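Asker: Per our numbering, the sequence shown starts with residue 4, numbered consecutively.
Don't be surprised by glycine CBs; every beta carbon is placed ideally from N, CA and C.
Here the structure is a predicted model, which is why all the values come from computation and not from measurement.
What follows is a single structure, and I will ask about it in a moment.
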Amino acid sequence: MKEPKTQYGTINLTAYAPAFGIVVVINDFNGGNGTGRLDPGETADLVIGSTNNGNSQSVEAIGEILLNDPFITVNNYTHEFGAFNAGQSAPAMFNITVSSATPAGHIFAFDYSLEAGAYGAEKSFTTKVGLILEDFETGDFTHFDWVFSGQQPWQQRLTHAEGTYSAKSGPISHSQQTRMGLEYEVGTDDSISFFRRVSSESNYDYLRFYINGEAKGQWSGNVSWGKDFLS
4 MKEPKTQYGT INLTAYAPAF GIVVVINDFN GGNGTGRLDP GETADLVIGS TNNGNSQSVE
64 AIGEILLNDP FITVNNYTHE FGAFNAGQSA PAMFNITVSS ATPAGHIFAF DYSLEAGAYG
124 AEKSFTTKVG LILEDFETGD FTHFDWVFSG QQPWQQRLTH AEGTYSAKSG PISHSQQTRM
184 GLEYEVGTDD SISFFRRVSS ESNYDYLRFY INGEAKGQWS GNVSWGKDFL S
């Protein structure tokens, strides 16, 4: 009797499974001031959108956030979804309250997890509370610990883009400088914006703005009030 032959071959199979993507939006229109960021004393919703980027329907899913911050109260930690079809997106709503004692610029971090049976996704987020703002409205540079150097110190003046006061460079002559600086430790990468106006000898005398010793912008000549954004 002949022995049976053994044959070998390759079979390609395509596996279908759900795969999730996550994005976060802050909605403070109902319990806050509608700026799209968290501010001290307001209640807002963290709207966490989840999308099934896979090619198969998921089972029913649960979203959960983990947050441990003395300035933040979480009013609901979990959100129950139904099943996600392939390509379907759905938001999870987590209501939070920010303490009125939260310092401006405070960074809070939280983790989000989405579980749908054997599949899921996790992501960590950070966001900032409020703006770190210098409007010079104290009239005497005392809101922050400004340091002045050069031949003449900067001054407070009643010329302004908004409000009442602004900062004006000291009255210097040829080959002189007037500088004001501030040391501030930030918790995360961000940007800075400010209003400026310049009246100087064009292409010779400059207003320069530095971050960490690196010139980020400069202006010369007659430049009217305008707002700049630097990072």
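Tell me the DSSP secondary structure of Phe-197 in three-state form.
Answerer: Phe-197 falls in the strand class under three-state DSSP.
Asker: Using 8 Å for Cβ pairs, my map puts Leu-210 next to Arg-199. What's the rounded Cβ distance?
Answerer: Contact holds; Cβ gap of about 7 Å.
Asker: What number of angstroms, rounded off, separates the C-alpha of Thr-141 from the C-alpha of Lys-171?
Answerer: Approximately 14 Å, taken between the alpha carbons.
Asker: Within the same chain, show all residues whose beta-carbon is closer than 6 Å to that of Asn-56, passing over the 5 residues directly before and after it, in chain order.
Answerer: Ala-22 and Gly-24, listed in sequence order.
Asker: Suppose you measure from the CA of Asp-192 to the CA of Gln-155; what does that come to, to the nearest Å?
Answerer: So the two alpha carbons sit approximately 32 Å from each other.
Asker: Could you name the residues of the same chain whose beta carbon sits closer than 6 Å to that of Trp-149, not counting the 5 residues immediately before and after it, in chain order?
Answerer: Same-chain partners within the cutoff: Met-183 and Leu-185.
Asker: Measuring alpha carbon to alpha carbon, tell me which residue in Tyr-168, Phe-151, Val-27 and Pro-106 is nearest Asp-42.
Answerer: The candidate whose alpha carbon is nearest that of Asp-42 is Pro-106.
Asker: Among Glu-125, Gly-123, Thr-167 and Ser-194, which one has its Cα closest to the Cα of Asp-143?
Answerer: Taking only the C-alpha atoms, the option nearest Asp-143 is Thr-167.
Asker: What are the complete beta strand (DSSP E) segments, minimum 3 residues, inside the region 69-156?
Answerer: Entirely contained in the region 69-156, the beta strand (DSSP E) runs reaching 3 residues are, in chain order, 75-77, 81-86, 92-101, 109-119, 122-132 and 150-153.
Asker: Among Thr-81, Thr-100, Asn-88 and Ile-65, which residue has its Cα nearest to the Cα of Phe-74?
Answerer: For Phe-74, the nearest C-alpha among the options comes from Thr-100.
Asker: Quick one: grab the DSSP three-state call for Ala-22.
Answerer: The answer is coil: DSSP assigns Ala-22 none of H, G, I, E or B.
Asker: Am I right that Ser-223 and Ser-203 are in contact with their C-beta atoms under 8 Å? What's the rounded C-beta distance?
Answerer: With a Cβ gap of about 6 Å, Ser-223 and Ser-203 count as contacting.
Asker: With distances taken Cα to Cα, identify the nearest neighbour of Ser-53 among Pro-174, Phe-212, Ser-92 and Ser-234.
Answerer: Residue Ser-92 is the option with its Cα nearest to Ser-53.
Asker: For Leu-70 and Phe-139, what's the separation of their Cα atoms in angstroms?
Answerer: Each residue's alpha carbon lies about 35 Å from the other.
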